[in-house]
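**Q** Going down the list, the sequences are from chains A and B. As numbered in this note's numbering, residues 1 to 484 make up the first sequence, in order. As numbered in this note's numbering, residues 1001 to 1488 make up the second sequence, in order.
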Amino acid sequence: MSAYTIDGYEVVIGLEVHAQVNCNSKLFSGTSAAFGAEPNTQVNPIDLGMPGVLPVLNEAAVDAAIKTGLALNAEVNTLSVFARKNYFYPDLPKGYQISQFELPIIGKGEMQVDLSDGATKTIGITRLHLEEDAGKSVHDIGDDNSSHVDLNRAGVPLMEIVSEPDMRSPEEAGAYVTKLRSILRFIDVCDGNMEQGSMRCDANVSVRKIGATEFGTRCEIKNLNSIRNVMRAIEFEAKRQIDVIEDGGVIDQETRLYNADKNITRTMRSKEDAHDYRYFPDPDLLPVRLTGERITNIRENMPELPDDMKQRFMDQYSLSAYDASVLTQSKTSALYYERVVAEKRDPKLSANWVTVELFGALNNLGKDLEHSPVTPQDLGELIDLIQDGTISGKIAKQVFATMLETSQSPHDIVEEQGLKQISDTGAIEQVIDDIIAQNEDNVAKYRDGNERVFGFFVGQVMKATKGQANPQVVNELLKQKLAG
Amino acid sequence: MSELIELGLKESAELIRNRDISAVELTEACLERIDAHNESINAFITVASDKAMEMAKASDERVKEGRARLLEGVPLGIKDMFCTKDVLTTAASHILDNFVPPYESTVTANLWKQGAVLLGKTNLDEFAMGSSNETSYFGTSRNPWDTTRTPGGSSGGSAAAVADFMCPGSLGTDTGGSIRQPAAFSGIVGMKPTYGRCSRWGIVAFASSLDQAGPFARSVEDVALLFRGMSGHDPLDSTSADRPIENYDAGLDDLNIKGLRIGLPKEYFTDGIDPQVKAHIDVAIKNFEAQGAELVEISLPHTKYAVPTYYIVAPAEAASNLSRYDGMRFGLRIDGENLADTYTKTRSAGFGREVKRRIMTGNYTLSSGYYDAYYLKAQKVRQLIRQDFVDVFDKVDVILTPTTPTAAFKIGDRIDDPVTMYLNDIFTVATNLAGLPGISVPAGTIEEDGKTLPVGVQFIGKAFDEQRLLQVARAHEKMANFQMRNAA
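#1: Which chain B residues sit within Cβ distance under 8 Å of residue 101(A)?
#2: Considering only DSSP beta bridges, list what residue 159(A) is partnered with.
#3: Counting only runs of 3+ residues fully inside the segment 367–454 of chain A, write out the beta strand (DSSP E) ranges in chain order.
#4: Please work out which residues of its chain come closer than 8 Å, Cβ to Cβ, to residue 31(A), disregarding the five sequence neighbours upstream and downstream, and give them in chain order.
#5: Using the rule of at least 16 other Cβ atoms within 10 Å of the residue's Cβ for burial, across every protein chain shown, is residue 161(A) buried or exposed?
#6: In chain B, which residues lie less than 8 Å from residue 152(A) when you measure between Cβ atoms?
#7: Please list, in chain order, the chain A residues whose beta carbon lies closer than 7 Å to that of residue 1237(B).
#8: Taking all protein chains shown into account, decide if residue 61(A) is buried (16 or more other Cβ within 10 angstroms of its Cβ) or exposed.
#9: I need the DSSP call for residue 1047(B), collapsed to helix, strand or coil.
#10: Answer yes if the segment 1149–1159 of chain B comes into contact with the segment 1118–1135 of chain B, meaning at least three C-beta pairs across the two stretches below 8 Å, and no otherwise.
#11: Whose Cβ in chain A lies nearer than 9 Å to the Cβ of residue 1300(B)?
#12: State the beta-bridge partners of residue 148(A) as determined by DSSP.
#13: Just verifying my parser: in three-state terms, what is the DSSP assignment at residue 72(A)?
#14: Do the segment 1396–1412 of chain B and the segment 1311–1330 of chain B touch if we need at least three Cβ pairs shorter than 8 Å?
#15: At 8 Å on the CB atoms, spell out the chain A contacts of residue 1203(B), in chain order.
#16: Can you name, in chain order, every residue of its own chain whose Cβ lies under 7 Å from the Cβ of residue 238(A), other than the five neighbours on each side?
#17: Can you give me, in chain order, the residues of the segment 1360–1383 of chain B that have a beta carbon less than 8 Å from any beta carbon in chain A?
#18: What does the Cβ neighbour count give for residue 37(A), buried or exposed, with the cut at 16 atoms within 10 Å?
#19: If residue 1013(B) and residue 1074(B) are in contact, beta carbons under 8 Å, what's the gap, nearest whole angstrom?
#20: Can you round the beta-carbon distance between residue 1469(B) and residue 1229(B) to whole angstroms, since I take them to be within the 8 Å contact cut?
#21: Closer than 8 Å, CB to CB, is residue 1317(B) near chain A or not?
#22: Does the beta carbon of residue 285(A) come closer than 8 Å to any beta carbon on chain B?
#23: Between residue 30(A) and chain B, is the shortest Cβ-Cβ distance under 8 Å, so that the two count as touching?
#24: Note down, in chain order, every chain B residue with its Cβ under 8 Å from the Cβ of residue 94(A).
#25: Report buried or exposed for residue 1292(B), applying the criterion of at least 16 other Cβ atoms within 10 angstroms of its Cβ.
#26: Curious, which full-length alpha helix (DSSP H) runs of at least 4 residues does the segment 1015–1076 of chain B contain?
#27: Specify the secondary structure class of residue 114(A) as computed by DSSP and reduced to three states.
#28: Can you find the residues in the same chain that come closer than 6 Å, C-beta to C-beta, to residue 216(A), ignoring five residues on each side of it along the sequence?
#29: What residues of chain E sit near residue 1348(B), judged by a beta carbon separation below 9 Å?
#30: Going by alpha carbons, who is nearest to residue 1449(B) out of 1148(B), 1069(B), 1194(B)?
#31: Closer than 8 Å, CB to CB, is residue 1206(B) near chain A or not?
#32: Please confirm whether residue 276(A) has its beta-carbon closer than 8 Å to some beta-carbon of chain B.
#33: Looking at the unbroken beta strand (DSSP E) that takes in residue 323(A), where does it start and where does it end?
#34: Do you know offhand how far residue 343(A)'s Cα is from residue 443(A)'s?
#35: To be precise: take each residue of the segment 1075–1096 of chain B, compare its Cβ to all Cβ atoms of chain A, and keep it if any distance is under 9 Å. Which residues remain?
#36: Chain B beta carbons: is any one of them nearer than 8 Å to that of residue 155(A)?
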């Protein structure tokens, strides 16, 4: 792939992803962490930061962090420490967030990212740490335009996953988030829903002249709630920084907010206004010590990861890297494919039906795979009908169209609409004989060496059989008969 | 009536269990005493009369049904740092205005499960920050031996209440000496257990790595019983120790003093000690020696750093712990022009001078650029102080020191000089930094300005070795020539 550059500059990107851990309860209290409840109904004195309450670590969140660390080929630190990040805000009840600072639970790792041209790139992971979420502030509502706070989210466990500044284009950043989300979903630690905010992304963006060895001054872009916006915001921000530099200005290190409607970034907080968080180890919590046994246990029970599954699809089903990559982009699609290809169906044919016909159709319908009108069992059955010659590939597309509309089984559709392929040579011979008899001039042309009229005969036979004649049988018989 | 209030804690529980007296009459006697004396002593911020009577009646019911428990019917004063469900909890601060907790601290819950009765909430320095009770938003508590003097702090109300016979026992918290110093100043026994022995759940946090709840009573035996009732592992406190609780009040006299190795740290016997105080400590040492104890001069070389280390670690934790008092969800709120103004107005009005001083000190030492030089350095020194104790406990079984350099000082004498005030903690803070148990027991009385004032001796034990610590304290108590003041 050719390098992504803008007017002689290259872009340097590092990403911070906050992934909400799929957990029944909060990071330090037993309150439910479920999304969507009435405001301030999922809170107890701990979440409210009342006097004298104390945090107790949710071990399930620790397991999720270990699992993610292993999936990112990262160091799992057997000693990590929770620290307090101190700042005042009404959605932060204690006046500090419990996070990890100097000793995170997960250290350096890396991830392979798939690019659109089929290439892969390794992106370094700096660290992963556990922290509690803040509540949600809503401003300017009601008659008095007042601000309100919902503390349901306060204390919900998050994993902050920080990348190295290894990405060099919006596409690479998009591919990174896509891959990371896929991994988190594969190992079932986060639902990856960016719109609902269960996965959030901040981008650190800087630019430098091609060939420069020092990084430029970076800006942190917040509020990126979709992969598309991650890419658009980076592109905008890179161009903005280049314009500033080209105009003789300097980049101020600052935090900027992305506005998706206008596709711009604007200053949220300058470096001078940056908080001094006064981090220090939380004396209410003991250091987290992990036993080798616990890590081994999680490692041994790890579900298959996307990269491993892609390789297996290539090996086991002889799929191309591209097909394998498309199918393993999500756990749902991989599982769907594996259900289709079961029962010894043709892997390549199955892959085509899933990636081309099904994905294309769902895309047109604006539906995702979870809500597909066609079950993998039915799609498999359709492929059976093609493979055993009951219907042709062409008729199959017609049947598939009905399946999308009605969710009927392919058997029923074929029966109802009388679409069974005619492979009975006797019946086809009869049709061919009639056509030859009616088209003596074209027969003569063919016999004179004009092979192009062969197609005419095939067309006539298919027309006469409403497309149900087995094309292979038609070809063979036509050749024999026309040869005379 | 005066007979009832002079009863000890264990004695009361036994008399109630045997139905010689009722919990109701004892509680009534205590409430009457509080009614008569609280105006001058100011030991209680809240007197929970109705709740106390209700609990006492329930106690008597249980006794009738033969279901009496360890502390059945014993009325207790609870330092107002402990959250008590449905009972006003103030931490002696304006910022907690009208705060009524919907939950109960684990330690008090343990006591109620053992049949104890909540008399009320006792006075303290605001957020336990002080050594004289003078920083309380509700006015200073006074020493029953001489009401012009402090009962000590921060648990001054709890100490004064027991010393004035308002209750046979009470609870305090000790972050740098806040149980032991008031016990010494008030002529009673007070113990700070090993860090982790008593759950911190539901205790308003001052400095989380140092705070520890503990008992006050007029005898070692009563302190032992109260400690037994309040301590124990608590899954709600991650720093709580999962260690068995023993019957501390039994076997107190089983110690064989012969051969007991008592460490006398040379750093604690300095010129700064009042000679009258020193004389009592010397007597205590001689008493043990006469009984065959082995006296070992030891050194705790990092002692001189204990007070400065404490005054970095404690305010840093406090600054963070007190951030939750922002006027948003409970307590005082003074609306301002905008959010920042509301924070400023609320916290400016809600916190007293000493609390503000510590919040500022704490935030300063945690700030970037200063963290390494102050907080991190203090943590390293803390480790050295802890190691000092580990090293000497190879050689000795228990350490003996004065609890304080002087007897109770006069109210108003030191409040304008924080450093002098802080130095009052010189013999007690190291114990907190090391997480060890310490106990103050009366050693005798001295005469000052025509007043009789008590003096305390401190014993410091190995971690989780409260059993022996209490036995040693008990041995001292029997040998000491200490005369408690009369209730009348």
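Beta carbons: idealized from backbone N, C-alpha and C, even for Gly.
**A** Considering the structure as presented:
#1: Simply none; closest approach about 11 Å.
#2: 19(A), 130(A)
#3: none
#4: 25, 42, 43, 44, 46, 47, 155
#5: buried
#6: Near residue 152(A) there are no residues of chain B at all, since even the closest Cβ is about 14 Å away, more than 8 Å.
#7: 54
#8: buried
#9: strand
#10: yes
#11: Residues of chain A passing the Cβ test: none, with the nearest at roughly 23 Å.
#12: 138(A)
#13: coil
#14: no
#15: 52
#16: 6, 11, 205, 207
#17: 1363, 1366, 1367, 1368, 1371, 1375
#18: exposed
#19: 5 Å
#20: That belief does not hold up - the Cβ atoms of residue 1469(B) and residue 1229(B) are roughly 17 Å apart, past 8 Å.
#21: yes
#22: yes
#23: no
#24: 1323, 1324
#25: exposed
#26: 1023–1041, 1049–1064
#27: strand
#28: 206, 207, 208
#29: The structure shown contains no chain E; its protein chains are A and B.
#30: 1148(B)
#31: no
#32: yes
#33: Not the beta strand (DSSP E): residue 323(A) falls in the alpha helix (DSSP H), residues 321–327.
#34: 45 Å
#35: 1081, 1082, 1083, 1089, 1091, 1096
#36: no
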